[in-house]
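Numbering (our numbering), first residue to last: 1023 to 1397. Quick reminder that beta carbons are idealized off the backbone N, C-alpha and C, glycines included. The block underneath contains the structure these notes are about, expressed in structure tokens.
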Amino acid sequence: MDVMSENSGRSKSSLIGLLLLGGVVLVAMFLILAQSRGEETAVTPTTAVSGGALPTAIPIMSTVTDRPTTSPQNTATPSPPTAATCQYDASLVADVTVPDDTIMQPGQPFVKTWRVRNTGNCDWAEGTAVVFETGDQMEGPNAVPVSVITPGETVDISIPMTAPLEGGTYSGVWKLRMANGALLDTLLVVRILVPIPTDTAVPPTMTPVPTGTPPIPTVTAVPATQVPPLIVVTGWLGEYFNNTSLNGPPVLVRDDPEINFNWGVGTPSNQVQPDNFSVRWTRSIPFSAGTYTFRVDSDDGVRFWLDGQLIIDEWHIGAGQYEATLTLLDGSHDLRVEYFDGSGLASIRVWWQPTNCGNEALAVGWGAFGTGGVL
């Protein structure tokens, strides 16, 4: 009986051990399955102990790791491209009609036409016009409208004018005004010569004497108006005005070999007043290709144009020395110098030289065109 009880106890113990082992295996499998599913699970295994109470459950925790999520990246919105800034510009292509120094009869109507190219990057919009800037307007309009012109295109601009009645040289300057009101630097110049009439012989008139005898005619001489003849110019054409603004007909027109004057408190001529006078000199000079420095020593104001481009602009009271350096192509170039004297001392001197020459060239080259000299 005791042996049977002992065997029976051993069988029960073995069975309990097998059950416990199976339970442990089941718990391990459950834990592995829970971890593979990414879940957090608490498992309470039970262990059967022979002859006693069940042990306290031990919680086993599995940690679930969140999978990283990809956050969307901000994409910068590109700014719309900005429009190119308009740059307005023009160049003179040709004088289609009335080239410089064309001779016009007093009171003769004419039409000046310039051919101009749009060298900017924007259209000349509606509202663009050519407007009078300075000089002799010669009854021309204040403004002439210009049609719409795209970049690279050319346009012929015409202005009707009338030659003055007085003899002399007359020049006027017009400019292009854009639709937005901006004035371009390009100068549109017209310059004409009105001949000064020479003396005209006036035939005598016969005046009868009322007497009883046959009439004896008497001769009454009518004095002719003394007008200086047309000037032959080999140097500078000098036009002198008794005002400081070059207005009206000149009181003196003459050939000046060079612009190199020191009048002091005197006067250029008996016809010109000693103060508050002005002078315009014009001529064409051949240049060799190269870079040149143009210089002016003036008391008072002075302006200097080269091929219609204003290179020195010092139109004010006071003495000074001024210069401008430009690169020229080979050939003839138009020069214009304007000067005024207010009061006191009056003087002006204009000269030029290539930039590759030293002071010696300035001293020995005066009057030698193409190498440097006093103009």
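Do the CB positions of residue i and residue j come within less than 8 Å of each other?
i, j, result
"P1163", "I1181", "yes"
"A1147", "R1199", "no"
"V1168", "G1194", "no"
"F1316", "W1374", "yes"
"A1116", "R1137", "yes"
"L1274", "D1123", "no"
"N1202", "E1175", "no"
"P1279", "G1257", "yes"
"P1308", "G1353", "yes"
"G1260", "V1318", "no"
"F1263", "W1196", "no"
"N1143", "P1121", "no"
"L1114", "L1210", "yes"
"L1348", "I1333", "yes"
"P1408", "G1312", "Past the boundaries of the shown model lies residue 1408; the chain is included only from 1023 to 1397, so the question cannot be answered."
"T1119", "T1107", "no"
For residue i, does the count of other Cβ atoms within 10 angstroms reach 16, so buried, or fall short, so exposed?
i, result
"S976", "Since the displayed the chain opens at 1023 and closes at 1397, residue 976 lies outside it and no answer follows."
"T1304", "buried"
"M1160", "buried"
"D1207", "exposed"
"I1281", "buried"
"L1357", "buried"
"M1051", "exposed"
"V1046", "exposed"
"T1085", "Caution applies to T1085, whose pLDDT of 44 falls short of 50 and renders its modelled position unreliable; the model cannot decide the point."
"G1190", "buried"
"N1378", "exposed"
"V1372", "buried"
"L1041", "exposed"
What first and last residue would you give for the beta strand (DSSP E) that runs through residue i?
i, result
"A1311", "Careful: A1311 lies outside any beta strand (DSSP E) and carries neither H nor E."
"Y1110", "Element bounds for Y1110: n/a, residue is neither H nor E."
"Q1331", "1331-1336"
"S1369", "1368-1376"
"Q1127", "Where Q1127 is concerned, there is no enclosing beta strand (DSSP E), given that its DSSP letter is neither H nor E."
"E1280", "Note, E1280: premise wrong, no beta strand (DSSP E); not H, not E."
"I1214", "1210-1216"
| field | Runs of beta strand (DSSP E) lying entirely within the stretch 1129-1206, each at least 3 residues, in chain order | value | 1131-1140, 1151-1157, 1165-1167, 1176-1184, 1190-1199
| task | Count the C-beta pairs between the stretch 1311-1322 and the stretch 1364-1371 that are closer than 8 Å, then say yes if the count reaches three, no if not. | result | yes
| request: State whether the stretch 1184-1192 contacts the stretch 1128-1135, with contact taken as three or more CB pairs (one from each stretch) at a distance under 8 Å. | output: yes
| message | Could you check whether the stretch 1277-1292 touches the stretch 1333-1347, counting it as contact only if at least three pairs of C-beta atoms, one from each stretch, sit closer than 8 Å? | response | no
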